[in-house]
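Going by our numbering, the letters in the sequence shown line up with residues -4 to 87, in that order.
Glycine included, every Cβ here is placed at the ideal spot set by N, Cα and C.
Computed from a prediction, not measured in an experiment: that's the story for all the values here.
Following: one structure in structure tokens, then a few remarks.
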Amino acid sequence: EDDFIRREVIMDIMCNLGVDFKKIESEFNINFKDYFGKELEELKEMEEDGLIKIEEEKIRILPVGRLLIRNIAMVFDAHLRKKRELKFSRTI
């Protein structure tokens, strides 16, 4: 189930240049902000850099952010996150 939710969010980012929280919430019966709290926190730096806009009910990719859309979408990739954490653990 988690993979399906994340795939939908990543597809929305890549294809629609944003994510509508209500759409994901109704499709998967989750609270977007609770489910993706860690990811939203991580995206704040990208918002400060002017790549995205995090609004009350959606994330919008701004024109400058389109150039880095893969990096933005990667924040929601749980498998990538696990690989990064494993790599970090091995170096310590």
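{"Asked": "Cα-Cα separation, LYS48 to MET6", "Found": "18 Å"}
{"Asked": "Given 8 Å, three or more beta-carbon pairs between the stretch 53 to 62 and the stretch 2 to 22", "Found": "yes"}
{"Asked": "PHE91 classed as buried or exposed, judged by whether at least 16 other C-beta atoms fall within 10 angstroms", "Found": "The structure shown does not extend to residue 91, since the chain spans only -4 to 87, so no value can be given for it."}
{"Asked": "Same chain, Cβ closer than 7 Å to GLU34, five either side skipped, listed in chain order", "Found": "VAL70, PHE71"}
{"Asked": "Simplified DSSP assignment, three categories, for VAL14", "Found": "strand"}
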